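Read in order, the letters of the sequence shown correspond to residues 283 to 1013 in my numbering. Below is one structure, written out as structure tokens; the observations come after it.
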Amino acid sequence: MADKPSRSAKLYALNEDKQWDFLGSGQVTAVYTQIQGASLLVRSESSDSLILESEILPDTPYQKQKDTLIVWSETENHGMALSFRDAESCQEIWEDICQVQGKDPSVTVTQDLLDDLEEELEEALEADELGDLPNCEISKLKQISNLVTSAFSSPPRKRRLALMLENESYIKKLLQLLHSCENLTYTEGLYHLHTIVKGILFLDKTSLLEILFSDDCIMNVVGCLEYDPALAQPKRHREFLTQNANFKEVVPITTCKLRQRIHQTYMVLYIQDILFPTPSILEENCLSALKTFIFLNKMEIVHMLQTDDKFLPQVFAQLKDKTTDDDKRRELIFFFKEFCTFTQILKPRSKDSLFKTLTQIGILPTIKVVMSLDDLQVRSAATDIFAYLVEHSPSMIREFIIEDTQQNEDGNLLINLVIKQMIYDTDPELAGAFHIMRLLRYILDPDNMLATPQKCERSKFLNFFYKRCMHNIIAPLLAATSEDTTEEHHILGADIHNRNCISALRFMRRIIGLKDEVYNRYIIKGNFFEPVVSAFLNNGTRYNMLNSAVIELFEYIRVENIKSLLVHIVEKFYKTLEWIEYVQTFKGLKIKYDQEKKRKSHKSSNSMQKSKIFFRSTGDLEKNEACHKENTENIEEGEIVTTPLESDFQGGDDEFMETEKTKENEDKVNLPKRASSGSYKYTYSRSAGDANGTGSPSSSSEMRLVDYPDDDDDEDKEDETASRKRPHLNP
């Protein structure tokens, strides 16, 4: 076939992600050579370079769609497409293809084409309908706004628009129109800019965000977002950022990049709040690229601060310095709290490394100093920082608390400062107290305490806590039951006392709920139920939260049958509480106590009876051994015939016989044989060392266990009868 004139078309290619990429516009020509045969050539309209050379093979599937589109698949997942400007140009190229493959040009398919190529190409062509971006001019703002809005009708259009906007100079020129519209008071143009910038942000493309949030553009982005068409008056975001939100360097930042990242992150977070003032469930995943941008910025800030040898040590030094004024200290602690908030995004290994660094430069001594101050805001921020440390590594906190005890004998301990803040929380809802209570429970949880052969953290810390800290926790209970409380103070402070009592009771209930006898022993030893009972009795017959909390505590002990606490309560407090009959809790405790006492008494009686039998048989054994020793002193060899004692073989001596068998094995004593007289022949062996140096391996003798002087036949007969009734020693 002869070379045909070129036809204008757009070229697309299927990428690895099965998305159609636009390769450019060009002139399509069908050519034939004797070496390569027929081929389709596409030359770029802008540079006249060859952007496609595809050989037309007999078995390549081609398809014509919508009179202006030719699609083919050269290999699997390698699709190509030509979109012509008019149907006539498309038909001419189609006829050339059909001629090479020997097909009738009236067909629309030369071979079977993959279905997914057709569907995806339709989307790509739909995106291509966006057209080109208009010039950045005020008169074109409406057209640009409509183009951005229409792109959200399908994902391919969004991708197509994002690709077109990646030209950095175009976005910068577009944002510069903000000042022109403001100078001309062109309100409609400002509304269009708001729509355009918000649309670009929602394209959720990282490359576009890097342009928008650059130092040259970010403030103009904030300015465009001020002119929301839905609002009667524009917001003054730029005024707030430049005048109200002053960037204070609590410690001078010497690294320019770090300062730039901090400023940028703050403004991007502000933009996120503009876009999502109250984010809904549907909007949470709309700006994943924006959230990733913020995440990476925070990571970089944390890393740069961590690697700075001077910055964080200076922050800690100024926080601990008594000469630092209150406003400066407040700024420092708020900065460090925000820094700790940033650290929560780190991976476990990176976070562990960071907190080790913070520990080495003295974060915990700093927290201790700050929590001892009178400023409520400073103490609250310090508590939040302390919470981050506890959640990351409770063992690290416990280790510091023990070291703090060794260095401070006056009782001014970090843990006691935390408890004090819990007890004296001024919030009517006790939000801070509950927060600290959760932290204390986590610190005291035995399940996260180390128990290795080298380190038994559990026993060491619990012993410390109950000796040095427990009295502070029960202080509200003791204060609520103080006899020195005046009537006026009682009336004004009753509500606060009740709240503090309930907080302490909840904490105590949590400890008892662990069912750990170490805790229970300390509770008993410290008599910690006494203030509980006193508060309960002082509360009277009022049915309130304090009443319910105390009853629930005792009911839990009864239901779970925590024996050590149950016995302690009944023996020490039952006479005081037995009059309470509107609940059956205390009577139930007494019933459980009596049942346990009866069970132990019965068990003790049985044990004592067995013990008496054992001791009697042991006494007989000692007598026999003494007698045996006396008889053997004057005998070298021979037989002693004796009548066994009746008591030696009664049923209570089973345990003794087992002991005797063991002794026989150890002394190599043979069991006695019955002699003709009705007694037993006792044969024993001695080792060479026990044979008076004779060297004889063994010697045999018959001995009577007891030597009666007047043996007669009648006694022999009685002995024979008795021996037949007795059990044999032989197994």
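Built from N, CA and C at the ideal position, the CB exists for glycine as well. Predicted, not measured: the structure shown is a model, and the values here were computed from it.
Does the pairing of the segment 584-594 with the segment 551-560 give three or more beta-carbon distances under 8 angstroms?
No, they do not touch.
Given a threshold of 16 other Cβ atoms within 10 Å of its Cβ, counted over all protein chains shown, does GLY481 qualify as buried or as exposed?
On the sequence shown, position 199 is the one that residue 481 refers to. Classification for GLY481: buried.
Short check: CB of ILE478 to CB of SER427, under 9 angstroms?
Working through the sequence shown from its first residue, we reach residue 478 at position 196. Working through the sequence shown from its first residue, we reach residue 427 at position 145. Yes, the Cβ-Cβ distance between ILE478 and SER427 is below 9 angstroms.
To the nearest angstrom, how far is it from the Cα of VAL503 to the Cα of GLU531?
As a position in the sequence shown, residue 503 is number 221, starting the count at 1. As a position in the sequence shown, residue 531 is number 249, starting the count at 1. One C-alpha to the other measures close to 25 angstroms.
Look up GLN347 in the DSSP assignment and say whether it is helix, strand or coil.
If you number the sequence shown from 1, residue 347 lands on position 65. GLN347 falls in the strand class under three-state DSSP.
Considering Cα atoms alone, identify which of ASN745, MET731, PHE598, GLN542 is closest to MET678.
Locating residue 678 in the sequence shown gives position 396, counting from the first residue. The candidate whose alpha carbon is nearest that of MET678 is MET731.
What did DSSP end up calling PHE304 once you bin it into helix, strand or coil?
Translated into the one-based positions of the sequence shown, residue 304 becomes position 22. Looking at PHE304 - three-state DSSP - the assignment turns out to be strand.
Going straight from the alpha carbon of LEU646 to that of GLU448, what length do you get?
Within the sequence shown, numbered from 1, the residue matching residue 646 stands at position 364. Within the sequence shown, numbered from 1, the residue matching residue 448 stands at position 166. Approximately 48 angstroms, taken between the alpha carbons.
Indicate whether the contact test is met: 3 or more Cβ pairs, each with one atom in the segment 526-542 and one in the segment 456-465, closer than 8 angstroms.
Short answer: they don't touch.
Let me check understanding here. Comparing Cα to Cα, which of ARG791, GLN383, ALA715 lies closest to PHE836?
Stepping through the sequence shown from its first residue, residue 836 is reached at position 554. That would be ARG791, whose Cα lies nearest to the Cα of PHE836.
Within 10 angstroms of the Cβ of LEU322, are there 16 or more other Cβ atoms? Answer buried if so, exposed if not.
Working through the sequence shown from its first residue, we reach residue 322 at position 40. Looking at its Cβ environment, which holds 16 or more other Cβ atoms inside 10 Å, LEU322 is buried.
Can you tell me where the alpha helix (DSSP H) holding PHE1090 begins and where it ends?
Not covered by the structure: residue 1090. The range shown for the chain is 283 to 1013.
May I ask you to report which of helix, strand or coil DSSP gives LYS604?
The residue you call residue 604 lines up with position 322 of the sequence shown. If DSSP states are grouped into helix, strand and coil, LYS604 belongs with coil.
Are the Cβ atoms of PRO438 and TRP302 separated by less than 9 angstroms?
Along the sequence shown, one-based indexing puts residue 438 at 156. Along the sequence shown, one-based indexing puts residue 302 at 20. Yes, Cβ-Cβ distance for PRO438 and TRP302 is below 9 angstroms.
What residues in its chain sit with their C-beta under 7 angstroms from that of TRP376, if we drop five residues either side in the sequence?
Taking the first residue of the sequence shown as 1, we reach residue 376 at position 94. These residues qualify, in order along the chain: LYS346, ILE352, PRO387.
Which of the three DSSP states, helix, strand or coil, is assigned to CYS738?
Translated into positions along the sequence shown, residue 738 becomes position 456. Three-state DSSP puts CYS738 in a strand.
Tell whether a beta-carbon distance below 9 angstroms holds between HIS753 and GLY808.
Numbered from 1 along the sequence shown, position 471 holds the residue referred to as residue 753. Numbered from 1 along the sequence shown, position 526 holds the residue referred to as residue 808. Yes. Within cutoff.
Can you tell me the Cα-Cα spacing of TYR468 and VAL533, whole angstroms?
For the purposes of this step, residue 468 is taken as the residue at position 186 of the sequence shown. For the purposes of this step, residue 533 is taken as the residue at position 251 of the sequence shown. The straight-line gap from Cα to Cα measures roughly 44 angstroms.
DSSP beta-bridge partners for GLN309?
Mapped onto the sequence shown, residue 309 falls at position 27. SER290, ARG325.
Would you call the CB atoms of LEU572 and LEU483 closer than 9 angstroms?
For the purposes of this step, residue 572 is taken as residue 290 along the sequence shown, with counting starting at 1. For the purposes of this step, residue 483 is taken as residue 201 along the sequence shown, with counting starting at 1. Cβ distance < 9 angstroms, so LEU572 and LEU483 count as in contact.
Out of ASP729, GLN515, LEU828, which one is the CA nearest neighbour of PRO758?
Within the sequence shown, numbered from 1, the residue matching residue 758 stands at position 476. The candidate whose alpha carbon is nearest that of PRO758 is LEU828.
Below 7 angstroms CB to CB, which residues in the same chain sit around LYS281 once its five sequence neighbours on both sides are set aside?
Beyond the ends of the chain as shown, which are 283 and 1013, falls residue 281; an answer cannot be given.
Quick one, are the C-beta atoms of PRO1102 and LEU475 less than 9 angstroms apart?
The structure shown does not extend to residue 1102, since the chain is modelled only from 283 through 1013, so no value can be given for it.
Would you list the one or two residues that DSSP bridges to TYR314?
Numbered from its first residue, the sequence shown carries residue 314 at position 32. In DSSP, TYR314 forms a bridge with ALA320.
Tell me which same chain residues have a C-beta within less than 8 angstroms of the C-beta of CYS751, skipping the five on either side of it?
For the purposes of this step, residue 751 is identified with residue 469 of the sequence shown, where counting begins at 1. Same-chain partners within the cutoff: LEU695, ILE697, ASN698, ILE701.
Would you call the CB atoms of ILE705 and ALA715 closer than 9 angstroms?
By one-based count along the sequence shown, residue 705 stands at place 423. By one-based count along the sequence shown, residue 715 stands at place 433. Closer than 9 angstroms, so yes.
What runs of the beta strand (DSSP E), each 3 residues or longer, lie entirely inside the segment 601-688?
Runs found: none.
Starting from PHE716, trace the alpha helix (DSSP H) in both directions and tell me its first and last residue.
Here residue 716 refers to the residue found at position 434 when the sequence shown is read from its first residue. First-last of the alpha helix (DSSP H) with PHE716: 713-726.
Near PHE621, what residues of its chain come up, given a Cβ to Cβ distance below 6 angstroms and the 5 sequence neighbours on each side ignored?
Position 339 of the sequence shown, counted from the first residue, corresponds to residue 621. Same-chain partners within the cutoff: there are none.
Using the DSSP secondary-structure output, state which residues sit across from GLN795 in a beta bridge.
Position 513 of the sequence shown, counted from the first residue, corresponds to residue 795. Correcting the residue type first, residue 795 is Gly in the shown sequence and not Gln. Beta-bridge pairing links GLY795 to no other residue.
Could you compute how far the alpha carbon of TYR344 sits from the alpha carbon of ALA514?
As a first step, residue 344 must be located in the sequence shown, where it is residue number 62. As a first step, residue 514 must be located in the sequence shown, where it is residue number 232. Approximately 57 angstroms between the Cα atoms of the pair.
Please identify the residue among GLN525, SER496, PRO511, ALA664 whose C-alpha is closest to the C-alpha of THR547.
Numbered from 1 along the sequence shown, position 265 holds the residue referred to as residue 547. For THR547, the nearest C-alpha among the options comes from SER496.
Note down the Cα distance separating ALA599 from LEU658, rounded to an integer number of angstroms.
For this step, residue 599 is matched to residue 317 along the sequence shown. For this step, residue 658 is matched to residue 376 along the sequence shown. If you take the alpha carbons of ALA599 and LEU658, they lie about 20 angstroms apart.
According to DSSP, VAL391 sits in a beta bridge with which residue or residues?
Reading the sequence shown from its first residue, position 109 is the one you call residue 391. DSSP, once it has assigned bridges, lists GLN345 as partnering VAL391.
When DSSP labels each residue in this structure, what does MET731 get in the three-state scheme?
The residue you call residue 731 lines up with position 449 of the sequence shown. It is coil, neither helix nor strand.
Determine the burial state of ALA575: buried for a count of at least 16 other Cβ atoms within 10 Å of its Cβ, exposed for fewer.
Counting from 1 along the sequence shown, the entry for residue 575 is found at position 293. The sequence as given places Phe at residue 575; Ala does not occur at that position. The residue is buried, with at least 16 neighbouring Cβ atoms inside 10 Å.
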